[in-house]
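When we follow our numbering, the leftmost residue of the sequence shown carries the number 1124, and every step to the right adds one.
Beta carbons: idealized from backbone N, C-alpha and C, even for Gly.
Right, one structure below, let's go through it.
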Amino acid sequence: MAGLGTRRFDAPQRKATMTRLFSPLTLRSVTFKNRAWVSPMCQYSARDGVVGSWHLVHLGSFATGGAGLVMAEATAVNAVGRISIACPGLWNDEQVDAWRTITDFIHAQGTVAGIQLAHAGRKASTMRPWDDHVMASPAEGGWEAEAPSAVAFEGYPVPRALRVEEIDALVEDFAAAAERARRAGFDVLEVHAAHGYLVHQFLSPLSNLRDDEYGGSLENRARFLLRVVRAVRTQVGEATPIFVRVSASDYTPGGWDLAQSVELASMLRDAGVDLVDVSSGGNVASATIPLGPGYQVPFAREIRQETGIATAAVGLITDATQAEEILNDGASDAVLLARAFLRNPRWALAAAEDLGEYIEWPAQLERARTLRRP
Ligand SMILES: Cc1cc2nc3c(=O)[nH]c(=O)nc-3n(C[C@H](O)[C@H](O)[C@H](O)COP(=O)(O)O)c2cc1C
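Quick look at the structure:
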């Protein structure tokens, strides 16, 4: 069709190169068509933990936009594990059915669907970020938060310390949510062990003051996560990749740090985890985080090089060349982007054009290409 000024039919024809960003990756039975992945992003738009049309359009747009993996947001394994009153869950079958509509759409675009299984611990029971107050009252649907120890996150109420039998039940909740996630059509499961939520609260000596088998040594602080990972594996079988998102540092003396993250990553590797998604922070409100382009990439590199486990890098990765360099440097096996995809859900299609890579586009979008078939 002539006359569409945005089409550059006269653009120089570039040779198709196989960039690392657009090369496939296989983990267990799942092949990702590229390594430009969507990082999980809370939308605070579920009702009773059930996702709806907002989530379909939000996540679906990344799939039509060429991402190799769309990782759905922190999804609670039980009702008190939600961050906010409007976070989604996977503790009942109505939630499974609602997610299924979304995974069917993602799969129809040739994209892998992942979900982050989470429990907010002491950071639970909030309103949405755009509401005029932080904590939800009982009348608003709020609840008492639970955590490894009765230590509050700055500005939040003091949580109730979990009893050992309750920790056993939580492991079962993660396993049951994993089984529902598979029924909902998800191909990849990520355990959220970062950002100061429940699993991170167990890992960090700043939030875990327990003196039983879940507190003290690194082995004890990691026990809950390792039990969760093994229980999830038992539910989903050998074909499904399991990721774990960690915060590589609390950026606080006496807290969780990179050295412990490396040790943890080798324990996770030995427990059959396929990839560590390397973020940071979130457990200490007052910590100073040295933000800058790719600021968490060195953590991903260290974990990958020291343990041999696959990693994903995340955090202020915004352009195609930067992403390609991270992968070529051997820092990670994939990159996860959050805000860049929010700004432009078709980021992956645009990135391929920036790198001169002619990839498959959805037929409905073909006419918007600027790069000619080589
Ligand atoms: C709106 C929004 C919601 C987020 N929700 C989650 C979440 O559910 N789980 C999670 O692990 N990280 C969450 N994050 C963090 C992102 O996944 C990502 O790690 C972070 O934004 C840094 O990447 P970026 O610089 O590409 O945005 C969220 C970020 C944003 C902007």
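For Ile-1440, verify whether its CB is less than 7 Å away from any heavy atom of ligand 1.
By 1-based counting over the sequence shown, the position of residue 1440 is 317. Checking every heavy atom of ligand 1 against the Cβ of Ile-1440, one is found closer than 7 Å.
Can you tell me where the beta strand (DSSP E) with Gly-1237 in it begins and where it stops?
Reading the sequence shown from its first residue, position 114 is the one you call residue 1237. Residues 1235–1241.
Compute every distance between the C-beta of Ala-1301 and the non-hydrogen atoms of ligand 1, then say whether any falls below 7 Å.
For the purposes of this step, residue 1301 is taken as the residue at position 178 of the sequence shown. Not under cutoff, so the answer is no.
Based on Cα-Cα distance, which residue from Leu-1398, Cys-1210, Arg-1158, Ile-1412 lies nearest to Ser-1168?
Numbered from 1 along the sequence shown, position 45 holds the residue referred to as residue 1168. Checked all of Leu-1398, Cys-1210, Arg-1158, Ile-1412; the closest Cα to Ser-1168 is Cys-1210.
DSSP three-state call for Phe-1185: helix, strand or coil?
Along the sequence shown, read from residue 1 onward, the residue named residue 1185 stands at position 62. In the structure shown, Phe-1185 sits in a helix (DSSP, three-state: H, G or I).
Of all the options Ala-1221, Ala-1199, Asp-1220, Ile-1208, which has the alpha carbon lying nearest to the alpha carbon of Trp-1214?
Taking the sequence shown and counting its residues from 1, one reaches residue 1214 at position 91. Nearest of Ala-1221, Ala-1199, Asp-1220, Ile-1208 to Trp-1214, Cα basis: Ala-1199.
With H, G and I counted as helix, E and B as strand and the rest as coil, what does DSSP make of Ala-1260?
For the purposes of this step, residue 1260 is taken as the residue at position 137 of the sequence shown. A quick correction: the sequence has Ser, not Ala, at residue 1260. Correct three-state label for Ser-1260: coil.
N-terminal and C-terminal residue of the beta strand (DSSP E) that Arg-1368 is part of:
Locating residue 1368 in the sequence shown gives position 245, counting from the first residue. Taken as a continuous stretch (DSSP letters only), the beta strand (DSSP E) holding Arg-1368 covers 1365–1370.
Excluding the 5 residues flanking Arg-1170 on each side, which residues of the same chain have their C-beta closer than 8 Å to its C-beta?
Here residue 1170 corresponds to residue number 47 of the sequence shown, with the count starting at 1. So the qualifying residues of the chain are Ala-1209.
Can the beta-carbon of Arg-1353 be found less than 8 Å from the beta-carbon of Ala-1316?
Reading the sequence shown from its first residue, position 230 is the one you call residue 1353. Reading the sequence shown from its first residue, position 193 is the one you call residue 1316. Going by C-beta atoms, Arg-1353 is not nearer than 8 Å to Ala-1316.
Using C-beta distances below 7 Å, list every residue in its chain close to Ser-1248, excluding the 5 sequence neighbours before and after it, in chain order.
For the purposes of this step, residue 1248 is identified with residue 125 of the sequence shown, where counting begins at 1. Result list for Ser-1248: Met-1258, Ala-1259, Gly-1265, Trp-1266, Ala-1268, in chain order.
Going by C-alpha to C-alpha distance, which of Leu-1460, Arg-1392, Ala-1443, Val-1396 sits closest to Gln-1419?
Translated into positions along the sequence shown, residue 1419 becomes position 296. The shortest Cα separation from Gln-1419 among Leu-1460, Arg-1392, Ala-1443, Val-1396 belongs to Leu-1460.
Is the beta carbon of Leu-1332 within less than 7 Å of some heavy atom of ligand 2?
Judged by which ligands are present, ligand 2 is missing from the structure shown, whose ligands are ligand 1.
Hey, could you find the ends of the beta strand (DSSP E) Phe-1155 is sitting in?
For the purposes of this step, residue 1155 is taken as the residue at position 32 of the sequence shown. Element bounds for Phe-1155: 1153–1155.
Looking at the unbroken alpha helix (DSSP H) that takes in Ala-1446, where does it start and where does it end?
The sequence position of residue 1446 within the sequence shown is 323, counting from 1. Unbroken alpha helix (DSSP H) run through Ala-1446: 1443–1451.
Leaving out the 5 sequence neighbours to the left and right, which residues in its chain are closer than 6 Å to Thr-1187 when beta-carbon positions are compared?
Taking the sequence shown and counting its residues from 1, one reaches residue 1187 at position 64. For Thr-1187, where only same-chain residues beyond five positions count, the Cβ hits under 6 Å are Gln-1232, Pro-1485.
Could you tell me the boundaries of the beta strand (DSSP E) in which Glu-1160 lies?
On the sequence shown, position 37 is the one that residue 1160 refers to. Position check: residue 1160 holds Trp in this sequence, whereas Glu was assumed. Its beta strand (DSSP E) spans residues 1159–1161.
Could you compute how far the alpha carbon of Glu-1448 sits from the alpha carbon of Leu-1192?
Looking up residue 1448 in the sequence shown gives position 325. Looking up residue 1192 in the sequence shown gives position 69. Going from the Cα of Glu-1448 to the Cα of Leu-1192 covers about 19 Å.
Just to check my reading of the structure: Ala-1190 and Pro-1163 have Cβ atoms closer than 8 Å, yes? What is that Cβ distance to the nearest angstrom?
The residue labelled residue 1190 in the question sits at position 67 within the sequence shown. The residue labelled residue 1163 in the question sits at position 40 within the sequence shown. At roughly 12 Å, the Cβ-Cβ gap does not stay under 8 Å, so Ala-1190 and Pro-1163 are not in contact.
Is the number of C-beta pairs between the segment 1396–1408 and the segment 1306–1322 that are closer than 8 Å three or more?
yes
Spatial neighbours of Val-1355 in its chain, beta-carbon cut-off 8 Å, leaving aside the 5 residues before and after:
Counting from 1 along the sequence shown, the entry for residue 1355 is found at position 232. Leu-1240, Phe-1297, Ala-1298, Ala-1301, Leu-1312, Val-1314, Ile-1365, listed in sequence order.
What residues in its chain sit with their C-beta under 8 Å from that of Gly-1175, if we drop five residues either side in the sequence?
Walking along the sequence shown from the start, residue 1175 turns up at place 52. Result list for Gly-1175: Ser-1168, Ala-1169, Ala-1221, in chain order.
In chain order, each beta strand (DSSP E) run of at least 3 residues that lies wholly inside the segment 1377–1421:
1398–1402
Taking C-alpha atoms, which residue in Ala-1243, Ile-1238, Tyr-1279, Ala-1236 lies nearest to Ala-1202?
By one-based count along the sequence shown, residue 1202 stands at place 79. Closest by alpha carbon: Ala-1243.
With a floor of 4 residues, list each alpha helix (DSSP H) that falls wholly inside the segment 1329–1357, ordered by position along the chain.
1341–1344
Mind checking whether Trp-1160 and Ala-1457 have CB atoms under 8 Å apart?
Within the sequence shown, numbered from 1, the residue matching residue 1160 stands at position 37. Within the sequence shown, numbered from 1, the residue matching residue 1457 stands at position 334. Cβ atoms of Trp-1160 and Ala-1457: closer than 8 Å.
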